[in-house]
Structures are given as structure tokens and as C-alpha cells.
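UniProt numbering applies: residue 1 is where the sequence shown begins, and numbers increase by one.
Notes to accompany the following structure.
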Amino acid sequence: MKKSLVVCALGAAVLLSGCETVNTTNAGVVGVDRKQSMFSMVSSAEVNQSYAQSYQETLSEASNQGALDKNSANAKRLQVIANRLIAQAPNFRPDCAQWKWEVNLIKSDELNANCGPGGKIIFYSGLIEKLKLTDDEIAAVMGHEIAHALREHGREAMSKQYALGAGKQIATLFGVSQQAVALGDNGVNLLMTLPNSRENENEADLIGLELAARAGYNPNAAITLWNKMGQAAGGSAPPEFMSTHPASTSRIASLQAAIPKVMPLYQQAKKS
1 MKKSLVVCAL GAAVLLSGCE TVNTTNAGVV GVDRKQSMFS MVSSAEVNQS YAQSYQETLS
61 EASNQGALDK NSANAKRLQV IANRLIAQAP NFRPDCAQWK WEVNLIKSDE LNANCGPGGK
121 IIFYSGLIEK LKLTDDEIAA VMGHEIAHAL REHGREAMSK QYALGAGKQI ATLFGVSQQA
181 VALGDNGVNL LMTLPNSREN ENEADLIGLE LAARAGYNPN AAITLWNKMG QAAGGSAPPE
241 FMSTHPASTS RIASLQAAIP KVMPLYQQAK KS
């Protein structure tokens, strides 16, 4: 018992000493204002630089395979939509105006898109073509992915992994068995990783909804988008409790509740 108390106390001291509480974005009209815990040793600049390198490697690989699409109608659509969304991103965090934003389209059947740290956006053609996405629906996807970057959800996840790794090292240092450490992983995964991942997804949905509305894209497209996603999944999505993404019904309900908040922004953008 005494050894466990020492481990806990030392672990808490080590983890807290490198931890800072931040809010990476303004709340916006959707009201995303959760405080985030970040390890100061995992800096935004380092994460952005590391991801930028990986991003360029991905583009180089796609280019070598003839899969990097720079000139198609869809590639041009993406650039126009990205430009409008990026122009609105500083409403949530002013410093992102200095990011080196990029958007690229890769020819692939994959139903996927992402925006990595520092504003590096990738879309896969399968997402646009298989789901027959409208510009408004593309904006809903892209706004969601940009929101992850603005909120630094990637850095937040890395900070959690850093904390978990440090905790394990401290535990084994003080004689806690490897079996006991491994046994605790599943519980930690459920208590820390999955709930926060679902929360992060909800934050990205809400901020993305507002970004799209501010850029003049119909926020109702988020509903049609996720209906299409649900149909594409064909009922194969895992139960919500074990998923890193909210179930479609929960996601759609949250978006529907937020649409009235952002609709005036959309209507104002359409007038200008």
C-alpha cells in the first residue's frame, strides 16, 4: 500500500509539472470552451513541423504513383472551398492566419479526408465521388477536419500518450509488475482515450459547422453528409461506447441542435 501511494504521488508530480491547461480556440457561437491539458514538452511548433514532413512524404508518394490530383474539377472545387473556410478560421484562433495552409486531392477509393496540425488538408477522391458530395457537404467535411487542427486534438492525444508512457515508466521503476501495468491499459483506454475522442469529434462537428456557415455554406449539409456516411457504413459501424466517433444518430442530433445558432451567420455570409 505504501509503495502504491509513493508511485501515485510521484507520478502525479511528474505529470503535473509538465502539463499546462489551455483553450486552443475561441468558443464561437457554438460554445466550444473546454479547457485542454497539454504537455509543454510536446509543443505546437514541434507537432506542426513533424506533421508537415509526413504530409510532404504522403504527397510525394502519391505523386510518384500518379495519384496526386492537381488539375481536375474536384481539385479546383476543393481549393475554392478551402480558401473560403481558411479565411474564417481566425475567428476561432487568430494565429492560424500565419499557418502554411495546403489542400491536396489524392486519387483513391478511400472514403476519407483529414486536416493535420498546421493546416495540412488531404481529401481522397472516393469520398467526393462515391458519396456524390455537394460543395456544401464538402465544406462540412473540411470544416470538421480543420476544426481538429484548430483545437490541436492531435497534440492533445500525443500529450495523453506521453502521460500514459510516463506513468508506466514510473510504475515499473517502483516495482509494479508489467502484467499489472498491461492489465490497467484497457481501463485507462476506456476512461481516458475513448470518451475524450468522442468529445473531440463533437467539438470538431460544432466548430466545423460554424466555419462552414461563416464561409457561406449551408449548415444543413452536415445532416445530409452524415446520412450519406451512415448509408455508406451499411450498419457496420461499431457500437458507440467502443467507438472513437459518435454514432450517427447522436452526431446528427447534436448538429441539428446547433444549426439554429449558426444559421444567422450563414444568412449574413450569403448577403455579402
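All residues carry an ideal CB built from backbone N, CA and C; glycine is no exception.
| 8 Å Cβ cutoff met for Leu-127 and Ala-113 | With contacts defined by Cβ atoms closer than 8 Å, Leu-127 and Ala-113 form a contacting pair.
- Item | Test item: CB-CB of residue 274 and Val-32 under 8 Å | Lying outside 1 to 272, the shown extent of the chain, residue 274 is not represented and no answer is given.
Helix or strand or just coil, what does DSSP make of Leu-68? Judged by DSSP in its simplified three-state form, Leu-68 adopts strand.
* To do: Specify whether the segment 36-50 and the segment 146-162 touch according to this definition: at least 3 beta carbon pairs, one from each stretch, less than 8 Å apart.
  => Segments in contact, yes.
> Less than 8 Å separating the beta-carbons of Ala-139 and Ile-81?
Replying inline: Result yes, Cβ atoms of Ala-139 and Ile-81 sit closer than 8 Å.
*So which of Gly-154, Leu-111, Met-142 has the shortest CA-CA distance to Met-229?*
Looking at Gly-154, Leu-111, Met-142, the one whose alpha-carbon comes closest to that of Met-229 is Leu-111.
Next item on the list: Look up Asn-114 in the DSSP assignment and give the residues it is bridged to.
Entry: Residue pairing of Asn-114 in beta bridges, as defined by DSSP: Ile-122.
Using CA atoms only, rank isn't needed, just tell me which of Ala-215, Ala-147, Asn-218 is closest to Ile-121.
Among Ala-215, Ala-147, Asn-218, the Cα nearest to that of Ile-121 belongs to Ala-147.
* Asked: Applying the criterion that 16 or more other CB atoms from any shown protein chain within 10 Å of the CB defines a buried residue, is Gln-88 buried or exposed?
  -> It counts as buried.
Separation of Leu-150 from Ser-43, as counted between CA atoms: Approximately 14 Å, taken between the alpha carbons.
Notebook entry, point to check: So the beta strand (DSSP E) Leu-133 belongs to, where does it begin and stop?
Noted result: From DSSP, Leu-133 is part of no beta strand (DSSP E); its letter is neither H nor E.
**Study point:** Exposure label - Gly-234; buried when at least 16 CB within 10 Å
**Key:** Using a 10 angstroms sphere on the CB of Gly-234, the tally of other CB atoms stays under 16, which defines it as exposed.
Quick one: residues in its chain with C-beta nearer than 7 Å to the C-beta of Lys-270, no 5 flanking neighbours on either side, listed in chain order? Answer for Lys-270: Gly-216, listed in chain order.
Using a 10 Å radius around the Cβ and a threshold of 16 neighbouring Cβ atoms, would you call Thr-25 buried or exposed? Thr-25 sits buried, since 16 or more C-beta atoms from the chains shown fall within 10 Å of its C-beta.
*asked:* I'd like to check one pair, Ile-259 with Asn-200: are the Cβ atoms closer than 8 Å?
replied: Not closer than 8 Å, so no.
Checklist entry - CB-CB under 8 Å to Glu-20, same chain, minus the five flanking residues each way: which ones, in chain order? => result Beyond the five residues adjoining it in sequence on each side, Glu-20 comes within less than 8 Å, by CB distance, of Ser-37, Met-38, Phe-39, Ser-40 in the same chain, given in chain order.
Q. Where does Asn-64 land, buried or exposed, given buried means 16+ other C-beta within 10 angstroms?
A. Under this definition Asn-64 is an exposed residue.
Where does Pro-117 land, buried or exposed, given buried means 16+ other C-beta within 10 angstroms? The Cβ neighbour count for Pro-117, taken over all protein chains shown within 10 Å, is at least 16; the residue is labelled buried.
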